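Structure first, commentary second.
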Amino acid sequence: MSVEKRKKNYFHNFGNKKQKPFILEPGMKGFLCTCNFSEKECIRDAYKILNEFSDEIYGSDIMKVSDRDNAKLSPGEKDDDINKAEQSDGEDDISTALNKEINKLKAEHLKPVNARRFQVVHTGVKNVVFIRTTLENPVELVSKIVTEMHKTKQQRTRFLLRLLPIEIVCKANMNDIKLKADALLEKYFAQEPKTFSIVFNRHSNKTIRRGDVIEDLADIITKKNPGNKADLKNPELAVIVEVIRGTCLMCVAPDYYKFRKYNLIEICNSKQATNDDKKAVTASSEPEKETECDAMNVEAEESLNEEDTVTEKATDHDAEIND
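Quick note on numbering: the sequence shown equals residues 1 to 323 in UniProt numbering.
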């Protein structure tokens, strides 16, 4: 092959290189999503539900193309456009709705990637998706989503399973984890006493040990306020630690077990379970008296057994004296 052909092939291949995906890095905030072998559909579900609830809470952050074009017009041209729009109202509602949706998608596509409210990030682990966000408080958005779904029991996702808010992303070594966790836990555990649990998961990482993380974070929490106590069944706050390859993701999630570990599918399917729990509680209220009586009987039997042992010792002692 000649030198000219090699140069042409080189520049041809250079121009067709794919854009590198965004990689999970320290300093990010966002949402950790899990799925079962359908990552594309999971990302679509996540974008849909996050955009829906974020627009409801914070308002839309998309500057529409039509609005941007109107900003360039003179006041007289704007008035003409308004009059034309008023005359055409009711005639092409469907077409205008479609045009608005198209303009919305175009504006989102033209927006710089760093300025997008939600952007998927490559984690390097199958069935684990991270969506970076520009929001300051991801916990607020996820709390709104899980609370609404728990209230309505309306399933809004099909492929997206768990949706966890991530407040801190740092390097996966114990020094960084303790340093970042200290600042995070200060917000939640320094004021009033709270019950807590620590949930640890790791993906494609064998260097970080579960026991070390739980022990160190528990020490930090107790130092913040000695009144903080561990509760593994129904804690007020759950400290979530997810280690993914060389990064560590952390957040503090309220009502973690009440909302089925933030599994959106389980939240919608938990209606029957809650009804069964209520029935179990009402049914178990009656036998509690029996258990108290049983406890009293056990104490009485123990006291009788003690008396029998005392009398047996006394008779043995008398027998020794008589001998």
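We treat Cβ as the ideally placed atom computed from N, Cα and C, and that holds for glycine. Since this is a predicted model, take the numbers as computed values, not measurements.
- Message: Assuming methionine 250 is part of the beta strand (DSSP E), what are its boundary residues?
- Response: Position 250 of the sequence shown holds residue 250. Note, methionine 250: beta strand (DSSP E), 247 to 254.
- Between the CA atoms of lysine 187 and threonine 96 - distance to the nearest angstrom: Numbered from 1 along the sequence shown, position 96 holds the residue referred to as residue 96. Numbered from 1 along the sequence shown, position 187 holds the residue referred to as residue 187. Each residue's alpha carbon lies about 47 Å from the other.
- Message: Just to confirm my understanding: we take methionine 174, look at its own chain, exclude 5 residues before and 5 after, and list those with CB closer than 6 Å. What are they?
- Response: Within the sequence shown, numbered from 1, the residue matching residue 174 stands at position 174. Here the set comprises nothing.
- Tell me, please, whether the segment 216 to 229 touches the segment 258 to 265 by the rule of three or more beta-carbon pairs shorter than 8 Å. no
- Beta-carbon proximity list for glutamate 39, same chain, < 8 Å, skipping 5 on both sides: If you number the sequence shown from 1, residue 39 lands on position 39. Answer for glutamate 39: Lys126, Asn127, Val129, listed in chain order.
- Query: Fully enclosed by the UniProt domain "THUMP" (148 to 254), which alpha helix (DSSP H) runs are 4 residues long or longer?
  - Reply: 174 to 189, 210 to 224
- Item | isoleucine 131 - partner residues in DSSP beta bridges | Within the sequence shown, the letter at position 131 stands for residue 131. For isoleucine 131, which the question treats as bridged, DSSP gives the partners Phe31, Val120.
- Beta carbon of serine 204 nearer than 8 Å to that of proline 235: To locate residue 204, count along the sequence shown from 1; it is residue 204. To locate residue 235, count along the sequence shown from 1; it is residue 235. For serine 204 and proline 235, no; Cβs fall outside 8 Å.
- Item | Continuous alpha helix (DSSP H) stretch holding phenylalanine 53: start and end | Numbered from its first residue, the sequence shown carries residue 53 at position 53. Looking at the DSSP string, the run of the alpha helix (DSSP H) that includes phenylalanine 53 is 39 to 58.
- Query: Comparing alpha-carbon positions, which option in Val243, Val199, Gly246 lies nearest lysine 233?
  - Reply: The sequence position of residue 233 within the sequence shown is 233, counting from 1. Of the listed residues, the one whose Cα sits closest to lysine 233 is Val199.
- Task: Please confirm whether isoleucine 168 and proline 138 have their CB atoms less than 8 Å apart.
- Result: In the sequence shown, the residue the question calls residue 168 occupies position 168. In the sequence shown, the residue the question calls residue 138 occupies position 138. No. Outside cutoff.
- Figure out for me which residue from Ser143, Lys100, Thr157, Lys151 has the closest Cα to the Cα of isoleucine 49. Counted from its first residue, the sequence shown places residue 49 at position 49. Per the Cα distances, Thr157.
- Quick one: Cα of methionine 250 to Cα of valine 239, how far? Sequence index remark: in the sequence shown, residue 250 carries index 250 (1-based). Sequence index remark: in the sequence shown, residue 239 carries index 239 (1-based). Methionine 250 and valine 239: Cα-Cα distance of roughly 7 Å.
- Message: Closest to glutamate 25 by C-alpha separation, out of Cys248, Lys229, Ser54, would be which residue?
- Response: Walking along the sequence shown from the start, residue 25 turns up at place 25. Out of Cys248, Lys229, Ser54, Cys248 has the C-alpha closest to the C-alpha of glutamate 25.
- Below 6 Å CB to CB, which residues in the same chain sit around phenylalanine 189 once its five sequence neighbours on both sides are set aside? Position 189 of the sequence shown, counting from 1, holds the residue named residue 189. For phenylalanine 189, where only same-chain residues beyond five positions count, the Cβ hits under 6 Å are Ile221, Lys224, Asn225, Asn228.
- Query: From this set, Gly211, Gln119, Ile244, Lys151, which residue's C-alpha is nearest isoleucine 267's C-alpha?
  - Reply: Here residue 267 corresponds to residue number 267 of the sequence shown, with the count starting at 1. For the residues Gly211, Gln119, Ile244, Lys151, the minimum Cα distance to isoleucine 267 belongs to Lys151.
- Task: Might you give, ordered along the chain, the residues of its own chain that have their beta carbon closer than 6 Å to the beta carbon of valine 243, omitting 5 neighbours on each side?
- Result: As a first step, residue 243 is located in the sequence shown; it is residue number 243 there, counting from the start. Counting only Cβ-Cβ distances below 6 Å, and skipping sequence neighbours, we find Ala172, Arg202, Asn205, Ile208.
- Message: Tell me the rounded alpha-carbon separation between methionine 28 and leucine 98.
- Response: Taking the sequence shown and counting its residues from 1, one reaches residue 28 at position 28. Taking the sequence shown and counting its residues from 1, one reaches residue 98 at position 98. Rounded to the nearest angstrom, the two C-alpha atoms are 35 Å apart.
- Task: State the CB to CB distance for the pair cysteine 33 and leucine 163, rounded to an integer number of angstroms; the pair is presumed to be in contact (CB under 8 Å).
- Result: For the purposes of this step, residue 33 is taken as residue 33 along the sequence shown, with counting starting at 1. For the purposes of this step, residue 163 is taken as residue 163 along the sequence shown, with counting starting at 1. Yes, cysteine 33 and leucine 163 are in contact; Cβ-Cβ is about 6 Å, under 8 Å.
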